[in-house]
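Chemist:
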Amino acid sequence: MNLAYAYPKSRFEPAVLVDLNQRAERERLSKSALKGFFRLAAAWQLRDEDARELLGGLSSSAFYEWKKNPQRVLEVDRITRISYLIGIYKALHILYGDKLADEWVGLPNKNPVFGGRTPLSQMLAGGILAMQTVRKLLDARRGGL
1 MNLAYAYPKS RFEPAVLVDL NQRAERERLS KSALKGFFRL AAAWQLRDED
51 ARELLGGLSS SAFYEWKKNP QRVLEVDRIT RISYLIGIYK ALHILYGDKL
101 ADEWVGLPNK NPVFGGRTPL SQMLAGGILA MQTVRKLLDA RRGGL
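The opening residue of the sequence shown carries number 1 in UniProt numbering; numbering runs sequentially from there.
1. Kindly indicate which residue of Arg72, Leu124, Arg117 and Ala91 has the alpha-carbon position closest to the one of Ser30.
2. Roughly how many whole angstroms lie between the Cα atoms of Leu129 and Lys9?
3. Should the stretch 107-121 be regarded as contacting the stretch 131-143, the criterion being three or more beta carbon pairs within less than 8 Å?
4. What separation, rounded to the nearest whole angstrom, lies between the Cα atoms of Val81 and Leu55?
5. Excluding five sequence neighbours on each side, which residues of the same chain lie with their C-beta closer than 7 Å to the C-beta of Leu107?
6. If you run the structure through DSSP and keep just helix, strand and coil, what is Gln22?
7. Pull up the CB-CB distance for Leu137 and Leu95, whole angstroms please, since I reckon it's below 8 Å.
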């Protein structure tokens, strides 16, 4: 007699995780990630200095080269940063109209997470962990968590 428990059959198939440690995966994702980031930066009307900082402290010469020619392989950290930012962008456009969604990162926020600062200034000061927090907050607001 087999008393082992088994999970019931389901149509749910978990997404296959992307291994960013694999160069081939980073090559596949990098160009579109950078193009998406520069569109996001334009939509949010980010200053170049702020955009460079969101990318992890990129020099101005490298930033403008990347903007002109996004054909390169990004490091895991930069792809992760861009992923969080694009997730934030998407969540904002689900929650709000386009105008407010694009202005939201630059508006003062009373949520205790931000301590009276703008979400942008919080992400600039807190780096990747702050981006993760903002992403989780917005995902929770839209019912994604």
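Just so you know, even glycine gets a beta-carbon here, dropped at the ideal spot from N, CA and C.
Modeler: Reading off the structure:
1. Position 30 of the sequence shown, counting from 1, holds the residue named residue 30. Ser30 has its Cα closest to that of Arg72, out of Arg72, Leu124, Arg117 and Ala91.
2. Walking along the sequence shown from the start, residue 129 turns up at place 129. Walking along the sequence shown from the start, residue 9 turns up at place 9. In a straight line, the C-alpha of Leu129 is about 37 Å away from that of Lys9.
3. yes
4. Mapped onto the sequence shown, residue 81 falls at position 81. Mapped onto the sequence shown, residue 55 falls at position 55. Looking at the sequence itself, residue 81 is Arg, so the reference to Val does not match. The straight-line gap from Cα to Cα measures roughly 7 Å.
5. Residue numbering aside, residue 107 sits at position 107 when the sequence shown is read from its first letter. Taken in chain order, the residues that qualify are Thr118.
6. Position 22 of the sequence shown holds residue 22. Residue state, collapsed to three classes: coil.
7. Along the sequence shown, one-based indexing puts residue 137 at 137. Along the sequence shown, one-based indexing puts residue 95 at 95. Actually they do not touch by this definition, with Cβ atoms about 11 Å apart.
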